[in-house]
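Only one structure is covered here, and it is reproduced in the block below.
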Amino acid sequence: MTEQKKRLEKLSGVKGMNDILPQDAGLWDFFETIVKSMLRAYGYQNIRTPIVEHTQLFRRSIGEVTDIVEKEMYSFTDSLNGEHLTMRPENTAAVVRASIEHNLLYDGPKRLWYIGPMFRHERPQRGRYRQFHQVGVEALGFASPDTDAEIIMMCQRLWDDLGLTGIRLELNSLGQAEERAAHRKELIAYLEKHIDIFDDEAKRRMHTNPLRVLDTKNPAMQEMAQNAPKLVDFLGEESRKHFEGVQRLLKANNIPFTINPRLVRGLDYYNLTVFEWVTDKLGAQGTVAGGGRYDPLIEQLGGKPTAACGWAMGVERILELLKEEQLAPETEGTDVYVVHQGEAAAEKAFIVAERLRDTGLDVILHCSSDSASASFKSQMKKADASGAAFAVVLGGNELAQGTIGVKLLRRSAGETDDSQKNEQINVPAEDLTDYLINAMVASADGEDA
Numbered sequence: 004m005t006e007q008k009k010r011l012e013k014l015s016g017v018k019g020m021n022d023i024l025p026q027d028a029g030l031w032d033f034f035e036t037i038v039k040s041m042l043r044a045y046g047y048q049n050i051r052t053p054i055v056e057h058t059q060l061f062r063r064s065i066g067e068v069t070d071i072v073e074k075e076m077y078s079f080t081d082s083l084n085g086e087h088l089t090m091r092p093e094n095t096a097a098v099v100r101a102s103i104e105h106n107l108l109y110d111g112p113k114r115l116w117y118i119g120p121m122f123r124h125e126r127p128q129r130g131r132y133r134q135f136h137q138v139g140v141e142a143l144g145f146a147s148p149d150t151d152a153e154i155i156m157m158c159q160r161l162w163d164d165l166g167l168t169g170i171r172l173e174l175n176s177l178g179q180a181e182e183r184a185a186h187r188k189e190l191i192a193y194l195e196k197h198i199d200i201f202d203d204e205a206k207r208r209m210h211t212n213p214l215r216v217l218d219t220k221n222p223a224m225q226e227m228a229q230n231a232p233k234l235v236d237f238l239g240e241e242s243r244k245h246f247e248g249v250q251r252l253l254k255a256n257n258i259p260f261t262i263n264p265r266l267v268r269g270l271d272y273y274n275l276t277v278f279e280w281v282t283d284k285l286g287a288q289g290t291v292a293g294g295g296r297y298d299p300l301i302e303q304l305g306g307k308p309t310a311a312c313g314w315a316m317g318v319e320r321i322l323e324l325l326k327e328e329q330l331a332p333e334t335e336g337t338d339v340y341v342v343h344q345g346e347a348a349a350e351k352a353f354i355v356a357e358r359l360r361d362t363g364l365d366v367i368l369h370c371s372s373d374s375a376s377a378s379f380k381s382q383m384k385k386a387d388a389s390g391a392a393f394a395v396v397l398g399g400n401e402l403a404q405g406t407i408g409v410k411l412l413r414r415s416a417g418e419t420d421d422s423q424k425n426e427q428i429n430v431p432a433e434d435l436t437d438y439l440i441n442a443m444v445a446s447a448d449g450e451d452a
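Next up, the structure:
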């Protein structure tokens, strides 16, 4: 390959690690604004952890025989010091690590939230990518079922705030360690009787993580999984009381749910309540949010025994739902586009644009290598395409008269009269700001400026 061909070779992004382009950024902003408002309403505080953590953090928390640790983590050895590092596949473990390291629980329980990219090495498909984004909450230091119910209800409030429908709640309880041990013994005995219908994955998991066998998607194993011993039947009095408390609070707040005894989640750190919010509108990737209680994790990572629960939701999947239900907001244009012609006008336009921004207006200044000679017609086309409400016009005539031209580019909602659209009104330069603000207020109210 010649040097010239090398220079011209087109480079592409990594498959499954997607660019968020300007035309999509507005939807992300819309979602993030809504979710942050909801989180403030419940008193949660933001925490931001590094993208890279020590690999052992995830091996100890998620579990050695989970899909994430066995097949999906992006792990590497630091060439500088030989440390084994991993790009975070999820963020609960990192938040717990940070809470322990910085003694966040010293002065009492904490309600924390995060948002950011996660990384898993898997086959990219709709709503499931190698780099994906999650928003999540972690309620640390809260042991009672009312916290479980509250974090579940937070999700319902978010669906309502976003206008999403058709997302249903599934619940289960994983009980405590000794209850799971008793269930595990009976479950393995049951599975061994049906090993002849198992696929290779089920055979591998039967003794290391038998609960995950019940989460199979293999049609030949569905009846077997449906009839397997149910963990809920092994719950002791305290675990059952906790689970009933969660259900009671959800019913009192009119949150419908289904008990799914096969719901186990994919991470080892869960106990007691687990839940998922699922939809039928995204194909196989139907889970849009999930979580539960993970009381053992803080002690498991070196902290004092502390109750905890939380959830995480996939941002890309929720954005897909917003598009599916046509709930994506319209892209908002800028307030003002400044057009100009001639060197003197170009300098004046620069000053005018800055002064308008000082007042809080969003302003695009026409800039290009030939801006001094670009025709007003071509500039006005760009002004109109920008979505601006008004064009501000500066040329030789305006400079000579000490005025600035203003053109209305957008009618207000409900208006049908086009008579003022694109008609230039010249106002004294010193009155421009007041004129524009009054015109925008009048336009917002549906009145003539």
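Residue numbers for the sequence shown follow this note's numbering, so the first one is 4 and each next one is one higher. A virtual CB, placed ideally from N, CA and C, is assigned to each residue, including glycine.
Check: Range covered by the alpha helix (DSSP H) that runs through R43; Outcome: P25 to A44
Check: DSSP three-state assignment for E279, whether helix, strand or coil; Outcome: strand
Check: Three-state class that DSSP yields for K254 in the structure shown; Outcome: helix
Check: Burial state of D338, where buried means 16 or more other Cβ atoms lie within 10 Å; Outcome: buried
Check: Euclidean distance between Cα positions of F278 and E335; Outcome: 37 Å
Check: Outcome for G293 when other beta-carbon atoms lying within 10 angstroms are tallied against a minimum of 16; Outcome: buried
Check: Under 9 Å between C-beta atoms of Q404 and S378; Outcome: no
Check: Helix, strand or coil at T419 [DSSP, three-state]; Outcome: Only weak support is given to the placement of T419: the predicted model assigns it a pLDDT of 45, under 50, and the value that follows is read from those uncertain coordinates. DSSP places T419 in coil when its eight states are reduced to three.
Check: Candidates L161, S102 and I155, of which the one nearest L143 by Cα; Outcome: S102
Check: Residue burial classification, F145 (beta-carbon count within 10 angstroms, cutoff 16); Outcome: buried
Check: Element boundaries [alpha helix (DSSP H), containing P148]; Outcome: P148 to L165
Check: Entirely enclosed alpha helix (DSSP H) segments - the segment 331-410, minimum 4 residues; Outcome: 346-361, 379-388 and 399-404
Check: Residue burial classification, V444 (beta-carbon count within 10 angstroms, cutoff 16); Outcome: exposed
Check: Whole-angstrom distance between G29 and G417, CA atom to CA atom; Outcome: Caution is warranted here: a pLDDT of 45 is assigned to G417, below 50, making its placement in the model unreliable, and the coordinate value is therefore given only provisionally. Distance between the alpha carbons of G417 and G29: 24 Å.
Check: From E181, K39 and E173, residue whose alpha carbon lies closest to that of P259; Outcome: E173
Check: P92 and I65 closer than 9 Å at C-beta; Outcome: yes
Check: Helix, strand or coil at E86 [DSSP, three-state]; Outcome: coil
Check: Proximal residues to M76 (C-beta, below 6 Å), its chain only, five neighbours per side dropped; Outcome: T89 and P92
Check: Buried or exposed (CB count within 10 angstroms, at least 16 for buried), S3; Outcome: Residue 3 cannot be examined here, being either before or after the span of the chain that is shown, 4 to 452.
Check: Cβ pair count under 8 Å reaching 3, the segment 251-258 against the segment 190-202; Outcome: no
Check: S242 burial status per 10 Å Cβ neighbour count (16 or more: buried); Outcome: buried
Check: Backbone CA spacing between Y272 and Y109 [nearest angstrom]; Outcome: 23 Å
Check: Exposed unless 16 or more other CB atoms sit within 10 angstroms - verdict on C536; Outcome: Given a span of 4 to 452 for the chain in the structure shown, any question on residue 536 remains unanswerable.
Check: Start and end residues, beta strand (DSSP E) containing Y179; Outcome: Checking the sequence, you will find Gln at residue 179 rather than Tyr. Here Q179 belongs to no beta strand (DSSP E), and DSSP marks it neither H nor E.
Check: Residues bridged to A311 (per DSSP); Outcome: L143
Check: Start-to-end residues for the alpha helix (DSSP H) that takes in Q303; Outcome: L300 to Q303
Check: Best match in A388, R207, L300 and V355 for proximity to L439 [C-alpha to C-alpha]; Outcome: V355
Check: Neighbour-count burial assignment, H210, 16 or more Cβ in a 10 Å radius; Outcome: exposed
Check: H245, DSSP secondary structure in three states; Outcome: helix
Check: Exposure label - C370; buried when at least 16 CB within 10 Å; Outcome: exposed
Check: Candidates K410, V281 and N441: closest to N429 by CA position; Outcome: K410
Check: Beta-ladder partner(s) of I118, from DSSP; Outcome: V138
Check: Residues bridged to K196 [DSSP beta-bridge criterion]; Outcome: DSSP output for K196 lists no bridge partner at all.
Check: Helix, strand or coil at R131 [DSSP, three-state]; Outcome: strand
Check: Burial state of Q48, where buried means 16 or more other Cβ atoms lie within 10 Å; Outcome: exposed
Check: DSSP-derived helix/strand/coil call for H124; Outcome: coil
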